[in-house]
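Inspection log for the structure reproduced underneath, given as C-alpha cells.
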Amino acid sequence: MQLVTILSALVATALATPLALPKSGADPNWKPNPGTAVTCDTKTDKVLGLYVGPQMETIINQACAAMMPDCAFPDKHPNIFCTLSIDYKLDSPKSSIQDANVQEGAGQKLPNWDAKLAVYPPEHPENPAGVFWTVKDCYGYFAQLLTNWVDQGGCHTNAGFGLGNITAGAGNSLEGTVFEVSVVPTP
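Here it is as C-alpha cells:
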C-alpha cells in the first residue's frame, strides 16, 4: 500500500512538472492564424535598433514572462509548483516595458526611451470560454511584427525594427487579439 502511495505521488509530481522548461518561445514552426493583419505605425520616426544592445529574443521573452502567468516560464520561477499546461487564459490587457535601443529613422540612438510590448484581448471573444494563449503565441506574434519586412506581414524596414500592431486572425481563441509594440519615455 505504501508503495502505491509513493508511486502515485511520483506520477503526480512528474505530471505537474513541465516536460520542457521554456527559456524561449521561439519556434521556427510557429505560424500566425490565417487572416492575421498587421498595422505599422507610420506616424513615428522611431524604430527599435535590436542589433546592438538588448536583442529581440531577450526583449520578447522578458516581456512574455512578465505578461504571462509564472507557470508559463517555470525556468524563471524554480520554486513554484505548476500543473502541466501550455494554454493560459488571457482575461485582460497586459503590457511590459523593456529596456531597448530606440533610434530615430536615421539611426541616431535616442536616450530615455524604452520598448512597450502589449497584448489586448477582444472585449467579446468569439470563443465563449475566453481567450487563451501560449508562450509560442506570445513570442510568435511579436517576432513576426518585428522581424518580417513590411511586404511580408511585419513592420521591419531598412531603418530598423518597426513599431505597430498585429491582430490575430481566425483559427483559435486568440482571434481578434492585438499584439502591439510601441516606444515610451523611460519612467
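Numbering-wise, the sequence shown is residues -16 to -1, 1 to 171 according to mature numbering (1 follows the signal peptide of the UniProt record, and there is no 0). Ideal Cβ placement from N, Cα and C applies to all residues, glycine included.
Helix, strand or coil, according to DSSP, for residue i in the structure here?
i: Asp71; result: coil
i: Asp121; result: helix
i: residue 174; result: The question about residue 174 has no answer, for the chain in this structure spans -16 to 171.
i: Thr151; result: strand
i: Thr23; result: strand
i: Ala(-1); result: Summary for Ala(-1): the model assigns pLDDT 43, below 50, so the residue's position carries little reliability, and this model does not support an answer.
Is the beta carbon of residue i sitting closer than 8 Å to the one on residue j?
i: Gly148; j: Cys139; result: yes
i: Gly114; j: Ser157; result: yes
i: Leu101; j: Gln128; result: no
i: Glu88; j: Lys27; result: no
i: Val162; j: Thr151; result: yes
i: Glu159; j: Glu110; result: yes
i: Gly124; j: Asp11; result: yes
i: Lys60; j: Ala49; result: yes
Taking its Cβ as the centre, do 16 or more other Cβ atoms sit within 10 Å of residue i, making it buried, or is it exposed?
i: Gln39; result: exposed
i: Ser76; result: exposed
i: Pro16; result: buried
Could you give the residue range of the beta strand (DSSP E) that holds residue i?
i: residue 172; result: There is no way to answer for residue 172, as the model of the chain reaches only from -16 to 171.
i: Glu88; result: Val86 to Glu88
i: Glu110; result: From DSSP, Glu110 is part of no beta strand (DSSP E); its letter is neither H nor E.
What span of residues does the alpha helix (DSSP H) with residue i cover, start to end?
i: Ala49; result: Met40 to Met51
In the DSSP assignment, what residue or residues form a beta bridge with residue i?
i: Lys93; result: Gln87
i: Tyr104; result: Val162
i: Val168; result: Asp98
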